[in-house]
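Quick note on numbering: full-length UniProt numbering labels position 258 of the sequence shown as 258, and the sequence is numbered without any gaps.
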Amino acid sequence: MGDRNLLIKIVMGTCLIFSVHTPRAACQGAMDTTRLKLVLEASDRYIDRGIRDSMDFKYILELERFYDQIQAPKDRVKASRYLGIYYRSIFDYQESEKYFLSGMKQAKQIEDWGLYLELAKELVTVYRNLGQYDKLKSEIDFCMTIVHQQGLKSKELIPLMELALYYSYDTKNYEQGIVYGELFLEKVEYFKKVAPSDEMLAYRVKTEAFVIKIELAKCYIKTGRNFDLALKYLDEAKAFFEPFEDYEKLARIDQEYLNYYLNTGNLEAVEKYLREYNFHLGMKWKGIMNRTNEIPVYLKALSELEQGLELAQLKNRELTFERRVFIAFVLLILSLAAIYFYLTTRNRRIQTALNASLLAQNKLLEDVNRDKSKFFSVVSHELRTPIYAITGLTSVMDIGNVAPQQIKAIKHSGDYLLLLVNNILHMMSFEQGKKSPPQINRSHFDLTEILSGIVDSSVYFADQHHVELKLKLNWEGELWVKGERQKLTQILLNLIVNGIKYSGDHEVVIGAKRFITDAKTCKLMFEVSDQGVGISKEKQQRMFNFMDRIDNEESSQNPFDLHGVGIGLFVVEKLLLEMSSKIVLESEEGKGSVFSFELEMEMGEDMADETPGLSPASFDRNILVVDDNEINLMVADRLVASLGYKCFKATDTDDVVSIVLREKIDLVLMDLNMPAFSGYELARKIKEKMDIPIIAHTAVAEEELDMEFLRASGIQAYIIKPYPLDALRKMLNDIFHRP
């Protein structure tokens with residue numbers, strides 16, 4: 001923008017020297033009213049920027065000289081607009097601003113707000129070229145106020161377009177540029193329906209709509225969204241402006257094509273539009289230079305008109321005039337040389353920058369593809385291991401008796417598979433910058449029981465690696481606390497699995513220590529230690545970085561023995577940050593590793609006696625499970641029945657409300673994502689007929705649930721699939737025995 005303004009000032013200075021104005025007081029006679037009418041009609045029709053196509057230099061000079069003699073206010077406004085546009089076209093912005101402001105003042109006095117808005121639109125362009133954005137914004141805001149106060153719906157497009165350009169082009173506020181650009185296009189559609197059949201006005205609105213589409217495409221690309229719509233707008237704008245050879249617009253379109261394909265990594269398209277951009281830019285500046293060639297024509301017209309003045313007045317100015325002409329031509333040559341030098345230097349700079357950008361983009365794409373291949377290779381290996389155990393053992397179970405070891409292997413393989421899936425889901429959330437809502441899953445639990453359960457669920461995995469697990473606590477018996485049990489479980493499981501992988505044939509010790517800080521809270525220190533290969537100081541810095549893993553000959557003699565991509569430790573670090581803690585690693589090569597962290601938790605009351613067990617009354621409770629998956633229905637049926645409740649099943653294609661009323665259902669377990677009807681919709685229908693508890697029974701990640709939407713649908717709780725039987729028991733007991 002700065003370079004552009006510099007060039008404008010150079011050309012403007014040259015043109016001002018040519019613009020020799022004759023004082024109005026020196027003019028004799030009055031302007032021919034017929035000629036005045038012709039000039040004003042030309043002004044009224046004027047839309048296109050091509051001055052030579054619709055303006056006559058003789059009319060311009062005559063109009064300026066007899067400007068003060070124009071009596072009709074509306075004609076005075078039109079003349080002001082005509083002269084303002086002319087001086088802007090030769091870069092004399094001071095004169096242009098003067099005439100526009102004069103015309104706006106006159107239009108305001110006669111309350112012709114339509115003409116006022118047209119003049120304001122032209123004045124805003126002057127301020128944009130001068131970089132006076134405060135004046136520009138102030139004028140736009142005033143125009144918007146006029147539109148609303150006067151009820152000028154048909155003129156609302158004028159300030160809306162300038163607001164869109166102000167944010168997208170002038171101030172680079174792309175978010176606001178999108179807001180006003182989209183609003184402008186909506187108003188254009190309204191204009192097409194209600195506007196009179198004025199072909200010239202419709203053409204201008206259509207032209208402005210395509211200008212805004214170029215700016216919207218730029219905003220979409222800069223903010224990284226709606227890439228498809230951005231490309232569509234660019235294609236439409238290019239198709240519109242190409243027949244008119246509007247090289248300024250075409251160069252802007254090419255520039256946004258370059259940004260689009262640089263973002264999408266299409267290097268072939270980048271090279272194509274770079275060539276088109278250079279061509280259109282060159283043609284644009286060629287047009288500017290052609291415009292400067294019209295200056296001698298203007299001088300000739302000026303000379304012919306001046307011949308009617310007194311001879312003495314002409315002789316007195318002859319020497320000064322010739323000197324100005326000579327200086328002007330010298331400056332014109334220098335200006336053209338400066339423009340040529342600027343374009344050459346700028347093209348070289350753009351070419352160099354684009355080449356460097358293309359090389360960087362190419363390297364980035366290669367790195368991303370390599371990392372992606374590595375990631376999927378390791379993740380598929382990690383997932384296939386437990387899946388193989390599950391499918392293999394279920395195949396054997398079909399032909400023989402079921403051994404306890406087989407059931408245990410299936411359960412632990414499923415638990416490990418669930419851990420891997422949860423890690424991947426958390427990793428994706430963290431990479432997208434999402435956070436779990438605070439206090440989302442804080443509950444009372446027995447920490448001793450949780451730690452014992454975590455160790456028990458890891459024993460099978462440890463046995464497969466010939467590793468012994470030990471649990472060491474500095475307290476005895478139950479320890480009830482309140483905290484985020486699910487996150488703590490996932491953190492410890494990841495650390496234990498990591499220790500087992502790298503421990504060799506040694507033991508892994510899970511330790512927990514309690515330090516009471518006051519009557520309500522306690523500090524807990526957790527650590528997982530192994531006696532494996534250890535980690536060097538250099539590698540410790542990268543242990544929690546995604547895609548980094550240990551490559552140690554002692555831990556893996558086989559190069560295809562993949563130990564993971566670092567998802568587990570990456571998730572551990574992020575989860576602890578959400579819990580206001582951090583992971584600490586102490587390790588020495590050949591001597592093992594210790595991972596530790598501290599948490600502050602509220603002291604919980606003993607909840608063991610507060611959770612009632614099953615009573616004979618439980619068999620009188622009817623529970624309806626709604627799910628579109630037959631396997632999920634079968635599993636839920638077995639779980640509910642094992643707790644002593646009577647279970648009814650339904651899919652989203654059944655008349656769920658009728659089943660609730662007919663079978664006197666006491667509680668509904670509702671799946672949320674079903675093809676025919678969503679769980680939210682079915683919940684609302686049930687609540688309209690009967691006020692019974694509804695529990696969301698879903699596999700959606702906890703962080704993705706919309707709690708306000710759940711409550712608005714009448715769903716009062718949720719349970720995430722898959723879940724252990726104890727979790728379902730506690731959920732149902734809490735609801736049925738709630739006071």
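Glycine included, each C-beta is placed from N, C-alpha and C at the ideal position.
Bear in mind that the values here come from a model prediction, so they are computed numbers and not experimental data.
Quick check on the DSSP output: what are the complete alpha helix (DSSP H) runs of length 4 or more inside the region 436-505, in order along the chain?
447-464 and 485-502
Any idea if Tyr203 is buried or exposed, counting beta-carbon neighbours within 10 angstroms, 16 or more meaning buried?
exposed
Among all the DSSP beta bridges, which residues are the ones paired with His697?
Ile719
Roughly how many whole angstroms lie between the Cα atoms of Leu705 and Leu119?
53 Å
Answer with buried or exposed for Pro159, where buried requires no fewer than 16 other C-beta atoms within 10 angstroms of its C-beta.
buried
Can you check DSSP and say which residues form a bridge with Glu578?
According to DSSP, which records beta bridges pairwise, Glu578 is partnered with nothing at all.
Beta-carbon within less than 7 Å of Glu175's beta-carbon, same chain only, minus the 5 sequence neighbours each way: which residues are those?
Thr223
If you drop the 5 nearest sequence neighbours on each side, which residues of the same chain put their C-beta closer than 8 Å to that of Gly532?
Gly499, Tyr502, Ser503, Gly504, His506, Ser555, Gly592 and Ser593
Report the option in Arg621, Glu186, Ala79 and Lys153 whose CA atom is closest to the CA atom of Ala164.
Glu186
Quick one: Cα of Val270 to Cα of Leu419, how far?
43 Å
For Gly568, I'd like the list of residues in its chain whose CB is within less than 7 Å of its CB, leaving aside the five on either flank, ordered along the chain.
Asn423, Asn494, Val497 and Asn498
What span of residues does the alpha helix (DSSP H) with Asp637 cover, start to end?
Glu630 to Ser642
Counting pairs of Cβ atoms below 8 Å between the region 134-145 and the region 176-185, do you hit three or more?
no
Going by the CB atoms, is the gap between Gly604 and Leu737 shorter than 8 Å?
Here residue 737 is His; the residue named in the question, Leu, does not match the sequence. Contact flag unset, no.
Terminal residues of the alpha helix (DSSP H) in which Asn226 lies
Premise fails: Asn226 is in no alpha helix (DSSP H) and is neither H nor E.
Report the three-state DSSP secondary structure of Thr521 (helix, strand or coil).
strand
For Leu705, which three-state DSSP category applies?
coil
CB Asp671 to CB Asp628, shorter than 8 Å?
yes
Under 8 Å between C-beta atoms of Leu250 and Tyr273:
no
Helix, strand or coil: which one does DSSP assign to residue 771?
One cannot answer for residue 771 here, as it falls past the ends of the chain, which runs 1 to 739.
Would Val126 and Ser96 qualify as a contact pair, given that the criterion is a beta-carbon distance under 8 Å?
yes
Going by DSSP, what residues sit across from Glu586 in a beta bridge?
Val594
With respect to the alpha helix (DSSP H) encompassing Val660, which residues constitute its N-terminal and C-terminal limits?
Val656 to Arg662
Do Asp112 and Val77 have their C-beta atoms closer together than 8 Å?
yes
The beta strand (DSSP E) that contains Asn622, what's its start and end?
Asn622 to Val626
Could you give the distance in angstroms between the alpha-carbon of Lys689 and the alpha-carbon of Ala519?
48 Å
Phe341, DSSP secondary structure in three states
helix
Which of the three DSSP states, helix, strand or coil, is assigned to Asp530?
strand
Go through its chain and collect everything with a Cβ distance to Ile686's Cβ below 8 Å, but skip five positions before and after it.
Val656, Val657, Val660, Val668, Ile692, Ile694 and Gly714
With DSSP run on the structure shown, which of helix, strand or coil describes Arg514?
strand
So, with DSSP's three-state summary, where would you put Ala353?
helix
Identify, in the order they occur along the chain, each residue of the same chain with its Cβ nearer than 8 Å to the Cβ of Tyr133, setting aside the five sequence neighbours on each side.
Tyr127, Tyr166, Asp170 and Thr171
Return the bridge partner residues of Leu667 from the DSSP annotation.
Ile623
Local Cβ density within 10 Å of Val625, reported as buried at 16 or more and exposed below that:
buried
Would you mind working out which of Val421, Ser587, Asp367 and Pro675 sits nearest Ala701, comparing C-alpha positions?
Val421
Rounded to whole angstroms, what's the CA-CA distance from Glu602 to Lys574? Just pull it up for me.
22 Å
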